[in-house]
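First comes the structure, then the notes that go with it.
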Amino acid sequence: MKNTIKVVFLGLVGFALLVYLTIPDFSNEDDIKQELSLNDIPNFFDVIGKNPYTKKDELFKNSEQSYIIVLNHDSLAIFKDLYKKTNKNIVLVANISNTPWLIKQIAINGELEKMYQTSKIPLINDSDGSFIKALRLDDNSQNSYFVYTIFEDGSIERLFKSSVKKGALQDGITNDEIDINLDEFFKNLNKFE
Numbered sequence: 078m079k080n081t082i083k084v085v086f087l088g089l090v091g092f093a094l095l096v097y098l099t100i101p102d103f104s105n106e107d108d109i110k111q112e113l114s115l116n117d118i119p120n121f122f123d124v125i126g127k128n129p130y131t132k133k134d135e136l137f138k139n140s141e142q143s144y145i146i147v148l149n150h151d152s153l154a155i156f157k158d159l160y161k162k163t164n165k166n167i168v169l170v171a172n173i174s175n176t177p178w179l180i181k182q183i184a185i186n187g188e189l190e191k192m193y194q195t196s197k198i199p200l201i202n203d204s205d206g207s208f209i210k211a212l213r214l215d216d217n218s219q220n221s222y223f224v225y226t227i228f229e230d231g232s233i234e235r236l237f238k239s240s241v242k243k244g245a246l247q248d249g250i251t252n253d254e255i256d257i258n259l260d261e262f263f264k265n266l267n268k269f270e
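Start counting the sequence shown at 78; every next residue gets the next number (our numbering).
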């Protein structure tokens with residue numbers, strides 16, 4: 078009986094030691110910045126209201142600093158009027174890769190075209206998620222958006238993440254609420270300029 082208890086005890090200690098030694102170290106994961114580059118971005122993508130095979134070089138020029146704003150569900154309703162408030166070199170990305178294929182084909186693509194038909198800022202329809210994968214972004218929370226800058230040398234850096242009113246897309250949002258959200262966006266963006 079004593080030998081059985083010893084074997085069980087040593088087995089548990091050995092198993093616990095094995096688990097402890099093989100756990101990955103997540104302590105400094107946020108401190109490590111993943112280097113992103115314009116080379117990581119797909120060469121062709123679908124821009125709403127334009128050619129479905131727009132070339133990367135048409136939107137992103139290595140000689141200019143520009144911004145990428147990845148929009149999740151609710152933030153799409155806010156940034157449709159961004160072109161009225163800025164002349165910065167900005168490209169918007171609609172993160173709709175998790176939407177079921179049939180819904181994308183029936184509703185989402187048409188709604189995006191309707192919402193952004195007057196916008197002067199290009200909106201990339203990232204229906205396959207290739208743009209999001211290139212930016213190594215795995216957060217698709219409903220009311221979030223993510224701002225990146227592309228430097229003249231082609232390197233990309235994530236500046237900040239923010240959020241908008243939850244339910245803005247399906248429940249609607251007033252023009253005053255849009256202005257408040259866009260003012261907050263510019264306030265955050267100005268911290269990095």
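The beta carbon of each residue, even a glycine, is placed where N, CA and C say it ideally should be. Note that the structure is a prediction, hence the values are computed from the model and not measured.
Check: Endpoints, the alpha helix (DSSP H) within which residue 71 is located; Outcome: This structure gives no information on residue 71, because the portion of the chain shown stretches from 78 to 270.
Check: Meets three-Cβ-pair contact criterion under 8 Å: the segment 158–165 and the segment 220–234; Outcome: no
Check: Of the listed residues 198, 93, 82, nearest to residue 124 (C-alpha basis); Outcome: 198
Check: Test item: CB-CB of residue 167 and residue 233 under 9 Å; Outcome: no
Check: According to DSSP, residues forming a beta bridge with residue 213; Outcome: Looking at the DSSP assignment, residue 213 forms no beta bridge with any residue, so it has no partner.
Check: Complete beta strand (DSSP E) runs within the segment 113–162 (minimum length 3 residues, chain order); Outcome: 143–148
Check: Those runs of the beta strand (DSSP E) which lie wholly inside the segment 185–210 and span at least 3 residues; Outcome: 200–202
Check: Counterpart residues of residue 226 in DSSP-defined beta bridges; Outcome: 144, 234
Check: Where residue 271 sits in the DSSP three-state scheme; Outcome: Outside the modelled stretch of the chain, which goes from 78 to 270, sits residue 271, for which no answer is possible.
Check: As assigned by DSSP and simplified to three states, the class of residue 85; Outcome: helix
Check: Among 270, 200, 147, nearest to residue 240 - alpha-carbon criterion; Outcome: 147
Check: Rounded separation between residue 153 and residue 215 - CA only; Outcome: 18 Å
Check: Proximity of residue 207 and residue 122 at Cβ, strictly below 9 Å; Outcome: yes
Check: Integer-rounded CB distance, given that residue 250 should sit under 8 Å from residue 242; Outcome: 6 Å
Check: Bridge partners - residue 218, DSSP secondary structure assignment; Outcome: Paired residue(s): none; residue 218 is not in a bridge.
Check: is_contact[residue 79, chain D] using C-beta, thresh 9 Å; Outcome: No chain D is part of this structure, which consists of one protein chain only.
Check: Residue(s) in a DSSP beta bridge with residue 168; Outcome: 145
Check: Close beta carbons around residue 190, own chain, < 8 Å, minus the five adjacent residues each side; Outcome: 125, 126
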